[in-house]
Amino acid sequence: MNPAHVAAVVTAYTVTPGLMDALQITILVLVAAAATAVVLIRAPARQVIALSVYGLLLAVLFLAFQAPDVTLSELTVGAVALPILLLLALAKVRRREK
Amino acid sequence: MSPRRRVWVFLAAMAGLAAFYLWGLAGLPGFGSYPGPYGYIINAIAVHQTNATGVVSAVNFEYRGFDTVGEEFILFVAATGTATVLRHLRGERERAPADEDRDAPPTSEAVRMTALILTGPTVVMGWYLASHAQTSPSGGFQGGVVLATGLILVYLAGRFLAFKRISSVDVTDAVEAMGAGGFAAVGIGAVAMGLAYLTNFLPLGTIPGAVSSSGTIALISFFVGVEVGAAFILIVSELLDQTLLLGPGSR
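Protein sequences, first through last, are from chains A and B. So the first sequence is numbered by the numbering used here: it starts at 1 and just counts up by one. So the second sequence is numbered by the numbering used here: it starts at 99 and just counts up by one.
Right under this line is the structure:
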């Protein structure tokens, strides 16, 4: 099968290319902004929340780029699992400091 | 080196980096272009060969099933390592869970209520994801993490003792080993029938995309879900124990 055929398939779910481009550019900019925010925020607990939002945006990015399986993985790991582990580690460190 | 000279060295290095970076960017294939043949081949034949409409799962658990076994055991070893590093040392004792609210504000009713409402749907969602790898872009990995999240919601709902019961290390350890072992055993099952390791030896079903279709793909995804869910609960509950643990010197 050659790429031209794949691109020509039109279904009820096909989105006009211009709209898809706009969506992809928007989400790329949002991801870049969120990544910058994660780096700039210095308070660890807030940084974890920002990281979680960043993970969520990254999941949307993967969806906009037609990778629903990676979306699910990023959603579970980036937006949920990693922040939980980091928050637990923070709780442990703070208790020790007390 | 004087600060002025340092700036010049920095600027020269930056210019070099920028030049190479732009050179590299110029050589990239166009946006969305895919030069390799394998994606198109898999897209054309995977559904006919495996009866799985979730082609990503077919690739993960069938075409490159052996790689996935390796990845599976990475997580298994990571969870085992976490349990080993965070084991209770001599002289460490656990605070009573009742102490928990002493130096922290109590969990708000809104959080507890939301967690309580979300627990059921989250567990159902995780179960759905883990058992529908063959028909959707989901799979055991995502399903397992969502299942584990459901149980963590039990903790957020303020049911600490219930969470401790669910996440007893002995049970999660055994369930995790069962998941990882099940995956490996499916592969050995094929060997026992005289086929190559991880060959799909179960009936593929007649309707592509039916839940009962795709043979070992669905079975392996289920085992992966069990393994990942248990591993994640194990890691989280070990870390949670740590926050409740007192060293030999503390109060």
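Glycine included, each C-beta is placed from N, C-alpha and C at the ideal position.
Neighbours of PRO235 of chain B in chain A, taken as residues whose beta carbon is under 9 Å from its own, are ALA67, PRO68, ASP69, VAL70, THR71, LEU72 in chain order. What ILE250 of chain B touches in chain A, judged by beta-carbon distance under 9 Å, is VAL80, ILE84, going in chain order. PHE330 of chain B sits in a helix when the DSSP states are folded into three classes.
In terms of beta-carbon proximity, ALA91 of chain A lines the interface with chain B, with at least one pair separated by less than 8 Å. Among the CB atoms of chain A, none fall inside 8 Å of the CB of VAL309 of chain B.
Spanning the alpha carbons of THR166 of chain B and GLY307 of chain B requires a straight line of approximately 22 Å. Excluding its 5 nearest sequence neighbours in each direction, VAL244 of chain B has C-beta neighbours in its own chain below 7 Å: THR220, MET223, GLY224, LEU227, listed in chain order.
The C-beta of GLN232 of chain B comes no closer than 8 Å to any C-beta of chain A.
Bounds of the alpha helix (DSSP H) holding PRO219 of chain B are 207-229. For VAL31 of chain A, no chain B residue has a C-beta closer than 7 Å to its own C-beta; the minimum C-beta separation is roughly 16 Å. Between ALA275 of chain B and GLY327 of chain B, the C-beta gap is not smaller than 8 Å, which leaves the two residues out of contact. If you draw a straight line from the Cα of ALA45 of chain A to the Cα of LEU82 of chain A, it comes to about 13 Å.
DSSP, reduced to helix, strand and coil, places ASN298 of chain B outside both helices and strands of the structure shown, so it counts as coil. Interface annotation for the region 8-29 of chain A against chain B: empty, criterion Cβ-Cβ distance under 9 Å. When Cβ-Cβ separations below 8 Å define contact, PHE321 of chain B makes no contact with chain A.
Contact of ARG95 of chain A with chain B by beta-carbon distance below 7 Å involves THR341.
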